[in-house]
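Since the structure comes first, as structure tokens, the remarks are kept for the end.
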Amino acid sequence: MVEDRKRVLIFAGCNDKKLISKVSPILDVPAVERVYLVRMDAMDFTHPKLTQYPVVPFIKKILPLRELYRVLVGIYLILTKRINLVIGIRFLMHGVYTVLLSKLLRIKYILLFIESPSKYEGSNFFLKAISSASAIGVRGSSSERFFIDKGIPKEKIFTPPNEFTLPKIERLQDRKEYDLIYIGNFIEIKDLPLWIEIFKSVKKQREDITGVMLGDGNLFESIKSLAHREGVYDNIDFVGRKKDVYEYINRSKILLMTSKLEGLPMVAVECMSVGVPAVLPDVGDVKDLIKDGENGVVISSRNSEEYTKAILELLSDKKRYSEMSNRAIESIKIFSEVSSHENIVQIWTKLLEKID
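Start counting the sequence shown at 1; every next residue gets the next number (UniProt numbering).
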């Protein structure tokens, strides 16, 4: 029936690739009539059901104005487009706007956490926001347990995976150019000073160690300067943000991550899909993806020596590296089956059927 169709307002940030994987399955749910996306910039993606409302250019650089603009656009859409569901993708500030407008105008809302929810521990607003949500989307079992511990009924929690398709590239097993690779934003939460510290520690025992760092962010230049000061700059290629990350992944041996917080990192999925195992911290939902010592290495501390030991062991033991590489590929083949577009559409279809 027409009255059952969903007209959805989405507040979101994150990069195009990640956001498309989140939004496109929602658009293909039969019960969804229209989706209105409020975002800083227009997403490089079109769909017959999608209308985008990016911030107008002349106020983008004025923080208070651009945030006020998004809120006002949200109110306008709710009042004029018969919005009956609001979705916030990432809690700050998109989830905050979702909660405030939904409560103000009495509309149901869904919060989709692509980050670790533990970063909001202790916030009373956060607790009230999650308790009133019609549903909460998480990245994995650790995040699910977090919300259950906060008193959220399990039936309100769902886990929509990021859409992922196995890359159609030939796996490069020999002649790897880089020992270590990093792909992501150069921001504080990624703890890239620790990444450089680990690289330096490995270099002390393996002088010819090589690395490549992909991405950008407000700490890009400071991390390059740190690499200079620590004497490892000449061993690392800083290549900036690249559209085709597989070109570099396929030429690398190990993904090294040092994040303080994560959800379930898709960069690890991408690397593992072509046989590049990950060495990464025990944060967020990474253990849903990595079985320590089998298809990757999970480090339980922020001690650079533990990372160094794990990396050196993998680089020096070709048999163990090969076995871990092959198991990484097999685990992502299984992951890709549940991460298909069709499967995620079904997850959203069943969820929205329950939200009247």
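Glycine included, every Cβ here is placed at the ideal spot set by N, Cα and C.
Where D179 is concerned, the enclosing beta strand (DSSP E) starts and stops at 178-183. Under the three-state reduction of DSSP, S252 is assigned to strand. Counting of Cβ neighbours within 10 angstroms places L214 among the buried residues, the total reaching 16 or more. If you keep only unbroken alpha helix (DSSP H) runs of at least 4 residues inside the segment 56-89, you get 63-80. For R145, the enclosing alpha helix (DSSP H) starts and ends at 141-149. Annotation: the continuous beta strand (DSSP E) that includes I10 extends over 6-12. In the displayed model, F158 falls within a strand according to three-state DSSP. With a contact defined as Cβ atoms closer than 8 angstroms, V138 and I181 miss out at about 27 angstroms.
Excluding five sequence positions before and after M257, the CB atoms of its chain that fall closer than 6 angstroms to its own CB belong to L280, given in chain order. Judged by DSSP in its simplified three-state form, G211 adopts strand. Within the UniProt domain "Glycosyl transferase family 1" (174-329), the complete beta strand (DSSP E) segments at least 3 residues long are 178-183, 211-214, 236-240, 252-256, 278-281, 297-299, listed from N- to C-terminus.
In this structure N162 is buried. Its beta-carbon is surrounded by 16 or more other beta-carbon atoms within 10 angstroms. Around the beta-carbon of G95, 16 or more other beta-carbon atoms lie within 10 Å, marking it buried.
One Cα belongs to Y178, the other to R251, and the distance between them is close to 6 angstroms. With 16 or more other CB atoms across the displayed protein chains lying within 10 angstroms of its CB, Y248 is buried. With distances taken between CA atoms, V38 lies nearest to L77 out of P25, L77, K49. In this structure, the alpha-carbon of I198 lies about 28 angstroms from that of C14. Under the three-state reduction of DSSP output, T165 falls in the coil class, being neither helix nor strand. C-alpha of L226 to C-alpha of P193: approximately 8 angstroms in a straight line. With respect to M272, I332 sits close: the two C-beta atoms are nearer than 7 angstroms.
If you draw a straight line from the Cα of D285 to the Cα of A278, it is about 14 angstroms long. Pairing K60 with I183, the inter-Cα distance amounts to about 26 angstroms. In this chain, the alpha helix (DSSP H) harbouring L351 covers 341-354. Assigned with DSSP and collapsed to three states, A133 falls in coil, not helix or strand. In the DSSP secondary-structure assignment, V32 is bridged to K6. Among the bridge pairs identified by DSSP, V38 is matched with F11, Y53. Collapsing the DSSP output to three states places I110 in a strand. At least 7 angstroms separates the beta-carbon of S134 from that of K154. Residues of the same chain with a CB within less than 8 angstroms of the CB of R241, apart from the 5 flanking positions on each side, are L214, G215, D216 in chain order. A Cβ-Cβ contact shorter than 7 angstroms links W348 with V29. Here the segment 31-51 does not lie against the segment 104-123, with fewer than 3 beta-carbon pairs under 8 angstroms apart.
In this chain, D44 is not harboured by any alpha helix (DSSP H), its DSSP state being neither H nor E.
CA-to-CA, the gap between K260 and K190 works out to about 6 angstroms. The Cβ-Cβ distance between F164 and S336 falls below 7 angstroms. The closest CA to that of A129, considering only I10, L166, F91, L105, is found on F91.
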